[in-house]
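What follows is a set of notes on a single structure, which appears directly below.
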Amino acid sequence: MGQEGVYFDLLDWLDQQERFEPSAFLQKIQAGYRTGAIIYVDGIVGSERLKLHRLVHSRPSDTARTARLLLERPFRDQLLQVLSELEPVQVDFGPLSTPPAAGRPGADVNAHIGVGYPLLSYPGRRAGLLIEAAGDQEQWREWRRLNDRDVASLGGRLHARLAKSAQPKPHRRRTKTLLTRRESETLAWIAAGKSYWEAAIILGITERTVRYFMANARHKLDVVNNAQAVAEAVWQGLIPRFTDRPTG
C-alpha cells in the first residue's frame with residue numbers, strides 16, 4: 001500500500017512551482033496517496049475559539065461550506081484538539097460530510113474516519129492538515145502505518161511555503177455594523193453552500209445583485225475570496241442563525 005516515489009515526486013513538483021496553487025498540491029497528495037478529501041487550515045486559537053487565516057480544500061467548490069462547518073461544533077472541538085497536539089489525532093469527518101445519496105456504493109460509517117496532522121507554526125499561530133480516509137478501518141490503519149510520516153512531512157512543506165509567502169496585515173477594526181442586512185443574508189446562504197443562482201432564488205433577487213452584495217461583503221471584510229469572507233464573518237458573528245442547518 002505504500003506509494004513509492006510519490007513523496008519525492010511531490011517535493012519536486014512543489015519546488016518547481018513559481019506561481020503556487022495550494023489546492024492543486026492537495027489534489028496531488030490525494031491522488032498520489034489515494035485518500036479522501038484533504039483540508040489545510042491555518043489560524044489563531046484563543047479562548048477555545050479559532051480565527052481562520054487560511055483554508056485550502058482539495059475540492060475548492062467545498063471551501064466555503066467547510067469554512068463554516070469547521071468553526072461550529074461538533075467539528076470545532078476536534079479541530080482545536082488537532083491544533084493543540086504534537087502528534088496526529090484521529091478525526092471523525094462525519095460533521096463535514098455531505099449526507100450520502102441513498103444506495104450510493106461505499107456510503108457507510110467508514111467513509112467518515114480520518115486523521116489530523118498538527119503542523120509546526122509561528123508563535124501565536126496554529127496549523128493542521130486534515131485527511132479523510134478512502135477505505136475501511138483496517139485499511140486505514142495500514143495506510144497510516146505506511147504513510148503517516150510522508151504525509152505529515154508534505155503538510156509541513158506546504159505550510160512553510162504558505163507561511164513564508166503570507167504578508168502580515170494591519171489590525172482591522174470589526175465590521176459588524178458595516179454589513180447591510182442583505183449583504184449578511186447573502187453571505188449566510190453562500191456559507192451554507194448555495195450557488196449565486198440558488199441564493200438569488202431564495203432571496204428573491206437577481207444573480208447579479210447577489211454578486212454585488214458578495215463583492216461588497218468581501219471589500220468590507222478586507223478579504224479576496226468567498227471562503228475567506230465566510231471565515232471572517234463566522235469569527236465576527238455575522239452569519240444569521242437560520243443557516244445553521246442548511247436545507248438541501
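According to the UniProt record's numbering, the sequence shown is numbered sequentially starting from 1. Where a beta carbon is used, it is the ideal one built from N, C-alpha and C, also for glycine.
Helix, strand or coil for residue i per DSSP?
i: E21; result: coil
i: D12; result: helix
i: P60; result: helix
i: R49; result: strand
i: L203; result: helix
i: T180; result: coil
i: E138; result: helix
i: L96; result: helix
i: L238; result: coil
i: residue 311; result: Given that the chain is displayed from residue 1 to residue 248, the structure contains no residue 311 and the question cannot be resolved.
i: S195; result: coil
i: G5; result: coil
i: L158; result: helix
i: A37; result: coil
i: E85; result: coil
i: N216; result: helix
In the DSSP output, which residue or residues are listed as bridge partners for residue i?
i: E232; result: In DSSP, E232 forms no bridge with anything.
i: L221; result: L221 is not bridged to any residue.
i: G114; result: V91, E132
i: G32; result: Answer is none; G32 lacks a bridge partner.
i: D42; result: R54, A127
i: L119; result: A127
Using 8 angstroms as the limit for Cβ to Cβ distance, is residue i near chain B?
i: A163; result: Note that chain B does not occur in the displayed structure, where there is just one protein chain.
For residue i and residue j, what's the separation of their Cα atoms in angstroms?
i: I201; j: W143; result: 44 angstroms
i: L50; j: I205; result: 33 angstroms
i: V41; j: Q81; result: 13 angstroms
i: L52; j: G124; result: 13 angstroms
i: H112; j: L83; result: 19 angstroms
i: A191; j: L238; result: 11 angstroms
i: G155; j: A199; result: 35 angstroms
i: E207; j: L10; result: 40 angstroms
i: residue 334; j: T209; result: Summary: the structure shown does not reach residue 334, with the chain confined to residues 1 through 248, and so no result is reported for it.
i: A133; j: F25; result: 18 angstroms
i: G135; j: V151; result: 17 angstroms
i: E232; j: T66; result: 13 angstroms
i: V6; j: D15; result: 14 angstroms
i: F213; j: A64; result: 16 angstroms
i: G106; j: Q27; result: Per-residue confidence for G106 stands at a pLDDT of 45, beneath the threshold of 50, marking its modelled position as unreliable; the derived number appears in the next sentence. About 21 angstroms.
i: I39; j: I131; result: 7 angstroms
i: R73; j: N226; result: 22 angstroms
i: R141; j: D12; result: 28 angstroms
i: R211; j: R182; result: 12 angstroms
i: S184; j: V224; result: 17 angstroms
i: V56; j: S165; result: 15 angstroms
i: L70; j: R76; result: 5 angstroms
i: T175; j: A163; result: Bear in mind that the predicted position of T175 carries a pLDDT of just 47, short of 50, making it too unreliable to give a figure here.
i: P186; j: G94; result: According to the sequence as given, residue 186 is Thr; it is not Pro. C-alpha separation (whole angstroms): 26 angstroms.
i: S23; j: E87; result: 24 angstroms
i: N147; j: E85; result: 19 angstroms
i: A101; j: H219; result: Residue placement at A101 is flagged as unreliable, the pLDDT there being 39, under the threshold of 50; a coordinate-derived value is accordingly withheld.
i: V91; j: S58; result: 17 angstroms
Is residue i near the ligand SAM, with its Cβ less than 7 angstroms from a heavy atom?
i: K51; result: Among the components modelled here there is no ligand, and therefore nothing to report on the ligand SAM.
Cβ contact (3+ pairs, closer than 8 angstroms) linking the segment 191–198 and the segment 26–33: no
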